[in-house]
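For the sequence shown, position 218 matches number 259 in our numbering, and the numbering has no gaps at all. Beneath this line is the structure, given in structure tokens, with notes to follow.
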Amino acid sequence: MKTVTSKDGTTIAYDQWGAGPVIILVDGALQSRAFDQGMAQLASMLAHRYTVIHHDRRGRGDSSDTLPYAVECEIEDIEALIDEVGGPACLYGISSGACLAFEAALALDGRVTRLAMYEAPYNDDSMSKQRWQQYTKELAALLAADRRGDAVALFMMLVGVPAASIDGIRQDPIWPLFEAIAPTLAYDHIALLGEDAGVPVERAARLTMPTLILNGAESYPFMHETAKTLASAIPNAEHRTLAGQTHEVAPEVLAPVLAEFFAMD
């Protein structure tokens, strides 16, 4: 583990693999180096030709936190990593981490050379927007009451975990890790995705770097529509659907796609 200090004094912990052009991997909600859903494996597969960075986002794992939270601070965390390892860098983000990578690419244009996004959970469906508004309202109330476990359960039900299964999941040894970083759900879902989580097409049109928009063929149906909308809005974007993949994409499927895209001139 290595650390770097962000602009506001927050300590950001990270792991580093390989040598070559820099790729920074950006986790989604409730993910961290301690709860790794394939990022370390992905990094090892890319390390033969790239310097790969996987960090604990602020408020998670071995990274510290500084309140109040702002998306701009997480962008500064990524900038600090670029400075530390020597930029510029390519960014890859998954789920809400793809939304953060998008924001960083906009803010750090010139220091981010390529952007890859896997299933950013924007959704333009009107009913989905209403559900999102209700979810974020309930999430904020639970976190304000320090009901961290209930906040995690609320999120899990949002993404399709049956309510009847939640009690069993609470007994898993991983559950305390989820509760510890539960406040970061507000970072991703209230601050980052916003009031209705709609696709940010006007802002996407401002991206200048080559961008790869990815979704899984077996994932939530709206992800395909979101990916198409994003790819149409971004001037220099391509869209690919990965056969057989769900929202939890397999590193062995993803790695060659990213390696090819990040290697392009």
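The beta-carbon is built from N, C-alpha and C at its ideal position, and this holds for glycine as well.
Taking each of A204, E279, C140 in turn and checking the Cα distance to A232, the smallest one comes out for C140. Beyond the five residues adjoining it in sequence on each side, V93 comes within less than 6 Å, by CB distance, of W58, G59, I64, A84, L87 in the same chain, given in chain order.
Proximity of the segment 155-164 to the segment 255-264 meets the contact definition, three or more beta-carbon pairs being nearer than 8 Å.
The closest CA to that of A148, considering only N277, L295, T51, E113, is found on E113. When secondary structure is reduced to three states using DSSP, I119 falls in the helix class.
Under the DSSP definition of a beta bridge, M158 partners with G134, I254. A contact is defined here as three or more CB-CB pairs under 8 Å, and the segment 100-118 meets this definition with respect to the segment 69-77. Pairwise C-beta distances place the segment 210-218 out of contact with the segment 169-187, as fewer than three of them are shorter than 8 Å.
It is roughly 5 Å from the alpha-carbon of N277 to the alpha-carbon of P251.
If you check the CB distance, T270 and V290 do not come in under 7 Å. With respect to the C-alpha of P129, the residue from L108, S137, G151 having the closest C-alpha is G151. CA-CA distance, A245 to V67, rounds to 18 Å.
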